[in-house]
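Working notes for the structure below.
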Amino acid sequence: MTFLENFVASNLTALVILITFFILLSLILIFILFFKIKKINHTSRSFFSGKNGNDLEQIILSQQKEIKSLDKDIQELFEASNKIYTLAHHGLHKVAVVRFNPFKELGGNQSFAIALLDGNKSGIVISSLHTREGTRVYSKPILEGKSEKYALTEEEKNAINIASASKKKS
């Protein structure tokens, strides 16, 4: 007899037990894998079948169309926002009022200068001088913080500086 035949003959019981153990272990693993595959099949069937029998491809394509539509809407809103920003920049949104008394020790601070400016520091300054005889109102055009045609009083310059320095509150 050869060495292998002697080894098998002397350890036959142990080999049968070992082979039986591996067969049982294999059967247990087969059952575990069977149930896992069954669970995966159930999950994939529910995933790939929609409410109306739509497949996954149709659902993805409809979502893709919806995303493109939303992207277009966002772009339109962005463009509208830029237009509104541009219009607001050209609107008179920087305002300052300076009250003053043109005659020392007479009357009160009933005279005033109002600066109404846009984002480019252009607009108008309105001044009102109040005296006993009446009130006079003057308006002067402002271009980039300065008046090219008319001399500005200190109060008007002050109103322009205050309005120019004002920041938009958000």
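Numbering (our numbering), first residue to last: 1295 to 1464. Ideal Cβ positions, reconstructed from N, Cα and C, are used throughout, including at glycine.
Practice item. Grab the span of the alpha helix (DSSP H) containing residue 1372 for me, first residue to last. Key: 1350 to 1384
Check your understanding: Hey, is the segment 1452 to 1459 in contact with the segment 1411 to 1419, meaning 3+ C-beta pairs nearer than 8 Å?
Key -> By the C-beta criterion, the segment 1452 to 1459 is judged to be in contact with the segment 1411 to 1419, since at least 3 inter-stretch pairs fall below 8 Å.
**Study point:** Straight-line gap, residue 1356 to residue 1350 (C-alpha atoms, nearest Å)
**Key:** 10 Å
Point to revise | Nearest candidate by alpha-carbon position, reference residue 1441, set 1308, 1426, 1419 | key: 1419
Review point. Where residue 1332 and residue 1315 are concerned, what is the direct C-alpha to C-alpha distance, given to the nearest angstrom?
Key: Going from the Cα of residue 1332 to the Cα of residue 1315 covers about 26 Å.
Practice item. With a threshold of 16 other CB atoms inside 10 Å of the CB of residue 1405, please say whether the residue is buried or exposed. Key: buried
Check your understanding: What are the boundary residues of the alpha helix (DSSP H) that residue 1298 is part of?
Key -> Residue 1298 -> alpha helix (DSSP H) spans 1297 to 1304.
Check your understanding: Can you tell me the Cα-Cα spacing of residue 1492 and residue 1395, whole angstroms?
Key -> Not covered by the structure: residue 1492. The range shown for the chain is 1295 to 1464.
Exercise for review: Starting from the Cα of residue 1402, find the closest Cα among 1425, 1389, 1432 and give me that residue.
Suggested key: 1425
Point to revise | Exposed unless 16 or more other CB atoms sit within 10 angstroms - verdict on residue 1362 | key: exposed
Review point. Who does residue 1458 pair with in a DSSP beta bridge?
Key: Answer is none; residue 1458 lacks a bridge partner.
Practice item. Kindly indicate the opening and closing residues of the beta strand (DSSP E) around residue 1417. Key: 1417 to 1424
Check your understanding: Is DSSP giving residue 1445 helix, strand or coil here?
Key -> In the three-state reduction of the DSSP assignment, residue 1445 falls in the coil class, being assigned neither a helical nor a strand state.
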